[in-house]
Every structure is written in C-alpha cells, then in structure tokens.
DNA sequence: CATGAATGAGAGTTCATTCAT
DNA sequence: AATGAATGAACTCTCATTCAT
C-alpha cells in the first residue's frame, strides 16, 4: 500500500483520535472520531487498517514524540546530574503540556490489543539515554541496578510528578524540582 | 425464605471476573464470565446491578484487600524506617502474589466507568498510613512534601518494583530491597 | 386446581396489576406488580398461571364489573328512554370513577394475547341489555339496526363521553347529558 | 456521495412494520420486521433512530394518510350535510381498505411510548375540518358542543362503523349509511 | 481517494417462569 | 402456601468494517 496521499488527513485523524480516546476511553467509536474530524466514516479505514491499527499507531507516535521531547537539547558535555535533570524537566514538561497524549498512553498500556512489537518499539530512540545511564551506573554515580529498572523508576516517578504538577499548577515548579530531588537522591549511590 | 443469596456464588463471580478482565481486558463479555463460572448468563445480574457495578465492586474489593495486605502486622513501636519497609514489603509481596488483581486495578484506574466515590473509597482504611507519614514528614525524617505526593510516589515505585520482581523471580528479593533502598533514600531528608 | 387460599391476596394482585398496567402499559414486569403489592415474585404464579392468564383475568373481571355497574338499579317498568339513560349514566359514571380500569380495558382490547373466549365472555351478563334493545328495535323506537351494532355504538359514544367528562370535570354533567342526547337522537327512529 | 439513502427501503420498512405490528402487536421484534423485509437487522437503525422512533413515525404517517384520505375531493360549495357525508364516506372507506393501518393506529394510541407532540401532530392538517365544523355549530346546524367533542364523536362512531363494514362485507354499504344516519341525527340540532 | 449505506455478529440487560427451600 | 434465587432465551441497539457509488 503506497503512502496515502494526504498526510494532513492522517494527522487530523491521529489528533482527533487522541482527544476522543483520551476523554471517552478506547471504546469510543470510530464514527465519533471521523465525525469530529469532519470526515466520512470510511475515511479512517483508508488511512488505517482498522481501529486496532489506529490505536497501535497512536501509541507508537505518542511514544516517539515523548522520546524526542525528552532528549531535545540535551547538553552533551555536562555533568550526569545536569543531564539527568534536563531529561527529567523535558519529560515532565511534555507531560504537563500534553495531558491527552499522556492519559492515552496509560490507557493503551493496559489495553488488550497493544501489539508487543509496538509496546517495545521506541527502544532504539532511547539508545542515547541508555548509554548515559549505563555509563553513570558503571562509574558509580548511580546505584548498581539494571538499566531497565532505572528507566522504569524514572518513568514511574516522573509520571507521578506530572500528575501533581497538572493538578496543582501553582506549585508546578515545586513538584518538578522536589520530584527530581527525590528521584536523584534515590538513584545515586550513597557513600 | 427460598434459596438465600449465596456468598460463594458472589465470590466465584468476583474471582472469575478478576481473571477474565485481567487477561482479556474490561471489554470481555459478561457471558464469558458467567460461562467460565458455570452459571447462567442472568445470574451475574442477580448479584450485581450490571457490568459497571461488577467492575466498580471489583475495584473496591481489590483495593481493600491491598490496603489490608499493606498494613497487616504493622509493628507499632518500631522506627519509621522499619515500619515503612514493612509496608513496602507487604505491598510488593501482595503485588507479586496477585498479578491478576494488580493488572486489573490498573485497567480499572484508567476506565471511563469508575465512579469517583469508588475511586476515592478506601481512603479511610489508609488513615493509619496517613498518620505514620504525616508524623514522619513533620518530624523531619521525610522530605517536606504533601502527604498525597508521598503516597503516590510510594505506589509508583513499589509497583514498578513488583513488575521486575515478577519478571525476574530469581532476583525477586534483590529488586524488593533495591527498590526500597531507592525509595527510602529518595524520600528521606538529607542533612 | 382448588381455589387459592387467600382471596385477599388475589384481589390485591388484581388491583395492583390494574394500576401498574394502566400506567406503565402491559409490558410492565410481573416483578413490578408483586413488588408494589409487597409479595414475592413467585406469588403471582400461585394465583395465576402466567402473565397472560393474569391479563385475561383482569379483562374478564373488569368487564364484568362494568356490566354490573351498567345494569345496577335498572328500573324495570320505565320507558325505554329512561332505562337507556339510566344505563348510560351508570356506564359513564363508572368510567369516570375507574379511569385505570377503563384505560386498561382499552389496552387489553388491542393486546395480542387476549383470548377470543375472554374477549366475548361477558355476553351472558349483558343478556338483560340485549333484551331491552331487541325489544326497542322491534317496537320501532330504535333505528332498525343489528343489536350488536347498537351495542357497539353505545359503547363507542359513551367512552368518548367519559374522556371529556374526565378531562373537563367542571362540565362533567354537561358532557354526560349532551352525550346521551346525541346518542339518543342518533339511535331513535325519525318519523 | 456513496450510496444514497433509499426511500424505497424506508417505505418497505414502514409497510412491513405496519403489517407485523398490526398482526403481532407492538412487542414484535425489530428483527422480525427486517427479516420479513429481507434486510439486515441493523438496517432498520439506519432509517430510524430506534424502535420507538419507528413506531412514532408510523403513527404520524398513518394519521397523515388518514387525514388526507378524509379530506380528499371535498366539495367546497355543498351543504354541510353533503360535505359531512363526504368526509364520513372517505373515512370509513379508508378504514375498510386499510385494516392494518387502522388496527395499528389503535395499538399505538394506547402505547406508552407515543410522544405527545406526535399524538397531537396532524392537527394542522385537520384545520379545514375544524373550520367546517365550527361554522356548522355556530350556524345552528349542529348541536352546541365543543369542536373537539364533535370530532371525537365522529371518530368513535365512524370507527365502530368500519368494524361492522369489514366484518360483514355484504352489508358494507348499509352499515356505512346507517352509521352516518345515526351520527347525523345525533349531532344535528332538533327544532 | 472519498463516501456513507449496509451489514450482522455480538453486546448488556430484562424478565416470565421454575423450583428448591 | 410463600418465597426469591436461578435461569437462559429473547430483546434492542452498537459498531467496526466493507464496498458500491
């Protein structure tokens, strides 16, 4: 299948689907998405093989967007702490700015139809982060734990932090910094 | 009084529903639950007002079970660290032993039909934990953060830890203890 | 089947069923009737073979009650006009006083489950009326029409009259008398 | 524009529904209608929002058809009696030719789901009839009764007449004329 | 490519009825 | 006799998907 002619329509569908699924749940009908987008019901199936394909695509694209956001403008030559904090800040700010995408990510994560290869798909994009971490663990800055455990802890704590930043916007910065402090203190090796 | 409502049947339905929903998602049919339980389709509606009611009940019961597990045998007179570690261990061990319940809890948490009063329902049962935390924050042992942020961080890190304990059973204890160490170092105040 | 032990319960069921069916339609559940009556669901089936039997019984009893009401205190020795007016008044007053029964009668009349022998069942009770009419037709007071056409016309006009008496209670007597006048002028032979 | 909605299909559905509902009652299943029509079950819901909507539409369309039939070819310049007789004949002949529609009208009239605005919907179409009656009442030809009472009496007597015309087709004309005679004698003012 | 009518399997739920208590 | 839990067929309606236009 050649690439569909209108990337604009495809993007509109992805954007509207994100909004609809985030707010109504994954059981929202495909018709509600095309309707809100102003397209005919059948058009969705021109751009995606089916609803499952749409949701899997959504997951992949959102995760990729998140990965890019996390690693944007990463200072190459700084200390591990500053680099980690940079990533942390990128991450939580993305989450605060993209609540629908974040909410949807969580819904899809526990969805029965997420394909395994999609679930583990963006690993490549995180290679940079992987190296950084690996280095920090080996050099003794970080606690001696498997890399994926480190990454999962970062994710878990950052996403918890985002929730509170969004819920209590006035103290957004406080949560962002306290959250990082807790993460950093937890993860670094004690003498 | 005719045949009395059977708590056994109710429990069977809850148990089977937990298994089915955890594995197939919340979109699993009510018929698949009664079928697996060996009951007629209508029987589910004798014990629960509808599918929504069943799922909300499931959430409340699982959360209550978790709360009870977490706080069981809590040593009253020990140090904050030992008490916290006790809770941590109870929590992650419950999660490892009850993977279906844990998986289901996450599915329901992002489900569109969870009633707010059910979502916030077991707060009372956690009062004990609340006091413990509040005390530790005030006394300066813990970082100066809102109590609910503390609780959310505990949850996030413990659940991440459980995943790794389950995935890599051979190193289960290592993850349990490393996880706690990271949590504890993060949350306690540095001089 | 011996007569059930409690005529009181049977009557309560009939009365409650009349009310419920009149207000919610014949699709009201048997449970809603036993519930409103304060009985168990199964009790209805002790007194009636099934829902169909209940509704057929209801029809027969209401029609019998109506027949008795129509013919009560009928002056034997009066003019045909006074006798007819007496019947007319009895009829419409019964209808105004028993709106649920009247409404239900109409619902059952167009119901798919009414058994033919029940539909035509109270003919016997109307024998008296039959004779009166037959006599009046033969003697030339009434128009020369089949007796059942006469009876149907009486019914149709009286029931229309009742509707207006109920809707406009202040003019209840006017409608009763105008209605009769129209009926009487219509049915009697012109010179 | 893809396949356009087919008025033919809509009409087929209405016609089949009329037949099925008239014969089996309003509790006949939607599947029995689409089945008899040779369509898929879901097709009914493309043309009507639901069963309720179908039945309400049926009522409106049948009533409109009846109104048009009643007033067709009404001679403008004739006597009140000839005009009234014309309407009467149109009415009862429609009823005799459309027994399903007539039976259904009565079922829907006592159905719990008939929407008030639909029940009172065709009033406009009857304006012509309203004027005629109003004029005749004021000019002293008709008895001094409210217009709606007049209309209800006409309906009641005409429909009773139709029943006998249908039941005894050989004497159809006799019933039609006798019926009118009774109606006319009843409704006109006596000196 | 875009459309949206048509499809029909499958869903949750209701309910008259049965029968063990 | 009275009860009400248990039943499972039947219902209306939804919806992802197809395909004629």
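Protein chains in written order, with this note's numbering: chain A, 15 to 205; chain B, 15 to 205; chain C, 15 to 205; chain D, 15 to 205. Beta carbons are placed, not taken as given, at the ideal position from N, Cα and C, and that holds for glycine. Owing to the predicted nature of the structure, the values given are computational and were not obtained by experimental measurement.
Beta-carbon spacing of residue i, residue j below 8 Å
i: residue 97 (chain C); j: residue 88 (chain C); result: yes
i: residue 23 (chain A); j: residue 61 (chain A); result: yes
i: residue 171 (chain B); j: residue 167 (chain A); result: yes
i: residue 159 (chain B); j: residue 122 (chain B); result: no
i: residue 119 (chain C); j: residue 77 (chain C); result: yes
i: residue 139 (chain C); j: residue 81 (chain C); result: yes
i: residue 35 (chain A); j: residue 45 (chain A); result: no
i: residue 116 (chain D); j: residue 127 (chain D); result: no
i: residue 157 (chain A); j: residue 201 (chain B); result: no
i: residue 30 (chain A); j: residue 54 (chain A); result: no
i: residue 169 (chain A); j: residue 114 (chain A); result: no
i: residue 199 (chain B); j: residue 25 (chain A); result: no
7 Å Cβ shell around residue i - same chain, five flanking residues per side excluded
i: residue 190 (chain C); result: 103, 106, 175, 179
i: residue 15 (chain A); result: Caution is warranted here: a pLDDT of 43 is assigned to residue 15 (chain A), below 50, making its placement in the model unreliable, and the coordinate value is therefore given only provisionally. Within the same chain, residue 15 (chain A) has no close Cβ partners at all.
i: residue 100 (chain D); result: 88, 89
i: residue 129 (chain D); result: 70
i: residue 153 (chain B); result: none
Simplified DSSP state of residue i, which is helix, strand or coil
i: residue 156 (chain C); result: strand
i: residue 16 (chain A); result: For residue 16 (chain A), the predicted structure reports a pLDDT of 49, less than 50, and the residue's modelled location is therefore unreliable. The matter cannot be settled from this model.
i: residue 129 (chain C); result: coil
i: residue 222 (chain B); result: There is simply no residue 222 (chain B) to check, as chain B begins at 15 and stops at 205 in what is shown.
i: residue 112 (chain D); result: coil
i: residue 39 (chain B); result: coil
i: residue 106 (chain B); result: helix
i: residue 134 (chain D); result: coil
i: residue 30 (chain A); result: helix
i: residue 182 (chain C); result: coil
Which residues DSSP lists as bridging residue i, in chain order
i: residue 202 (chain A); result: A:156
8 Å CB neighbourhood of residue i in its chain, flanking five on each side removed
i: residue 40 (chain D); result: 69, 121, 122, 125
i: residue 1 (chain C); result: Here chain C covers residues 15 to 205 and nothing more, so residue 1 (chain C) does not appear.
i: residue 38 (chain A); result: 46
i: residue 142 (chain A); result: 85, 88
i: residue 184 (chain C); result: none
i: residue 132 (chain C); result: 70, 73, 74
Close beta carbons around residue i, own chain, < 6 Å, minus the five adjacent residues each side
i: residue 94 (chain C); result: 150, 155
i: residue 162 (chain B); result: none
i: residue 187 (chain B); result: none
i: residue 136 (chain C); result: 77, 78, 81
i: residue 75 (chain C); result: none
i: residue 56 (chain B); result: none
i: residue 91 (chain D); result: none
The ligand FAD heavy atom lying under 7 Å from the CB of residue i
i: residue 74 (chain B); result: Absence of the ligand FAD from the depicted structure is noted, as is the absence of any ligand whatsoever, leaving it without description.
Alpha helix (DSSP H) segments (min. 4 residues) lying fully within the stretch 49-98 of chain B:
58-61, 65-85
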